[in-house]
Amino acid sequence: MTFEYFIGNRYLRVKQTFISLITILSIAGITIGVMALIIVIAVMSGAESEFRSRILGVESHVMIMRYGSAFTDYRRIIKDIEKIDGVKTASPYVFSQIMLRSSSRVSGAVLRGIDPGFAGQAIKSLDKTFLKQRLTQNQDTGTFAFVPGIILGRELARNLGVMENDIIYLISPRGMISPVGHIPAMKRFRVTGVFESGMYEYDTSLAYVHIKDAQSILHIGDSVTNIGVRVKDIYKADNIAENIAEKLNQKYKTGSY
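Residues 1 to 257, numbered by this note's numbering, are exactly what the sequence shown covers, in order.
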């Protein structure tokens with residue numbers, strides 16, 4: 001008989017009622033404590049997983065930026081990145097702070113110009129077909145002909161007081177210099193979709209447009225400001241980000257989610 005078994009057997013089978021009650025209460029207390037700990041750990045693990053899932057539904061696993069300028073050769077860079085082991089897909093996009101104005105309200109927003117063909121693989125919270133239908137340029141006829149589409153976060157649309165098919169104006173600080181001073185660039189868009197990511201920070205600030213429209217209003221030509229990368233294993237995102245930086249000869253800034 002082992003020492004542990006001897007001690008346990010001695011106290012569990014003791015005949016005195018008072019001591020037996022203490023033993024039962026002790027065992028019950030330990031059991032409840034362990035159960036509570038397991039439940040808390042399970043809830044926290046589930047919350048972390050859900051939080052990560054919502055963020056990665058909008059954000060890329062790895063972000064690549066260029067120091068001080070935009071990517072003019074992003075197509076070649078994307079091909080190089082997709083050859084790296086562990087990389088699933090890479091997509092270009094344009095990122096900028098802008099203002100949105102409806103008929104009655106104004107709100108700051110984060111503009112993301114995306115290529116629907118690429119972004120459907122990179123943005124999990126938005127369906128690829130949905131993006132293609134809502135951001136295809138100049139396919140409408142009638143009243144809204146030649147008015148490009150914009151997709152807004154649900155809270156952002158609510159703040160602006162707009163719904164689908166309403167017209168809003170996108171205002172960018174990258175305008176032009178005139179005799180009277182700097183004039184911000186402004187372009188008209190039609191709200192073609194509203195999305196909900198489940199994250200208030202994104203739903204209240206994000207606006208998606210076609211990458212060509214973003215390049216036009218920001219006057220950056222055929223360039224992009226960022227490249228988003230999705231990896232096969234998110235737990236290896238940091239290592240893959242380092243591999244990408246190495247592959248690109250440390251010329252670009254990389255970071256994981």
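All C-beta atoms in this analysis are idealised placements derived from N, C-alpha and C, irrespective of residue type, glycine included.
Pull up the distance between the alpha-carbon of Ser-256 and that of Leu-160, whole angstroms please. Position 256 of the sequence shown holds residue 256. Position 160 of the sequence shown holds residue 160. Using only the alpha carbons, I get a separation of about 32 Å.
Taking 7 Å as the cut-off, decide whether the C-beta atoms of Thr-204 and Leu-152 are in contact. Against the sequence shown, residue 204 aligns to sequence position 204. Against the sequence shown, residue 152 aligns to sequence position 152. Not in contact: Thr-204 and Leu-152 (Cβ atoms no closer than 7 Å).
Nearest chain B C-beta to Ile-171 closer than 7 Å, yes or no? The chain inventory of the structure shown lacks chain B, comprising one protein chain alone.
Please name the residue, chosen from Val-191, Val-162, Tyr-235 and Val-231, that lies closest to Val-209 on a Cα-to-Cα basis. Your numbering for residue 209 matches position 209 in the sequence shown. Ranking Val-191, Val-162, Tyr-235 and Val-231 by Cα distance to Val-209 puts Val-191 first.
To the nearest angstrom, how far is the alpha carbon of Pro-148 from that of Phe-189? Residue numbering aside, residue 148 sits at position 148 when the sequence shown is read from its first letter. Residue numbering aside, residue 189 sits at position 189 when the sequence shown is read from its first letter. Linking Pro-148 to Phe-189 through their CA atoms gives a straight-line distance of about 5 Å.
Use the C-beta contact count for Thr-141: other C-beta atoms within 10 angstroms, 16 or more gives buried, fewer gives exposed. Counting from 1 along the sequence shown, the entry for residue 141 is found at position 141. At Thr-141, the pLDDT of 48 sits below 50, so the modelled position is not reliable and the matter cannot be decided from this model.
What distance in whole Å lies between the Cβ atoms of Ser-60 and Gly-198, which are believed to be in contact at a cut-off of 8 Å? Your numbering for residue 198 matches position 198 in the sequence shown. Your numbering for residue 60 matches position 60 in the sequence shown. The distance from the Cβ of Gly-198 to that of Ser-60 is about 17 Å, inconsistent with a contact at the 8 Å cut-off.
First and last residue of the uninterrupted beta strand (DSSP E) at Arg-105: Here residue 105 refers to the residue found at position 105 when the sequence shown is read from its first residue. For Arg-105, there is no enclosing beta strand (DSSP E), since its DSSP letter is neither H nor E.
Spatial distance of Tyr-111 from Lys-247 (CA atoms): On the sequence shown, residue 111 is found 111 positions in, with the first residue counted as 1. On the sequence shown, residue 247 is found 247 positions in, with the first residue counted as 1. Checking the displayed sequence, the identity of residue 111 turns out to be Leu instead of Tyr. C-alpha separation (whole angstroms): 29 Å.
When the Cα atoms are used, what is the spatial distance from Ile-234 to Ser-45? By one-based count along the sequence shown, residue 234 stands at place 234. By one-based count along the sequence shown, residue 45 stands at place 45. Ile-234 and Ser-45 have their C-alpha atoms roughly 16 Å apart.
Compare the beta carbon distance of Thr-225 and Ala-70 with 7 Å and say whether it is the shorter of the two. As a working note, residue 225 is residue 225 in the sequence shown. As a working note, residue 70 is residue 70 in the sequence shown. The beta carbons of Thr-225 and Ala-70 sit closer together than 7 Å.
Residue ranges of each alpha helix (DSSP H) run of no fewer than 4 residues wholly in the segment 184-230, ordered along the chain? Within the segment 184-230, the complete alpha helix (DSSP H) runs of at least 4 residues are 200-203 and 211-218.
Would you list the one or two residues that DSSP bridges to Ser-172? For the purposes of this step, residue 172 is identified with residue 172 of the sequence shown, where counting begins at 1. For Ser-172, the beta-bridge partners assigned by DSSP are Ala-185.
Per-residue DSSP class, three states only, for Thr-89: On the sequence shown, residue 89 is found 89 positions in, with the first residue counted as 1. Look at Thr-89 here: in three-state DSSP terms it is strand.
Under the three-state reduction of DSSP, which class applies to Phe-71: helix, strand or coil? Locating residue 71 in the sequence shown gives position 71, counting from the first residue. Of the three classes helix, strand and coil, the one that applies to Phe-71 here is strand, per DSSP.
Sorted by chain position, which residues of the same chain lie with C-beta nearer than 6 Å to Met-65's C-beta, five sequence neighbours on each side aside? Numbered from 1 along the sequence shown, position 65 holds the residue referred to as residue 65. Within the same chain, Met-65 has close Cβ partners Asn-226 and Lys-253.
Excluding the 5 residues preceding and the 5 following Tyr-67 in the sequence, name in chain order all residues of the same chain whose CB lies nearer than 8 Å to its CB. Start at 1 with the first residue of the sequence shown, and residue 67 comes out as number 67. So the list reads Lys-251, Tyr-252 and Lys-253, once near-sequence residues are dropped.
Assuming Ile-84 and Asn-243 form a contact by the criterion Cβ under 8 Å, report the distance between their Cβ atoms to the nearest whole angstrom. Indexing the sequence shown from 1 puts residue 84 at position 84. Indexing the sequence shown from 1 puts residue 243 at position 243. Confirmed, about 6 Å.
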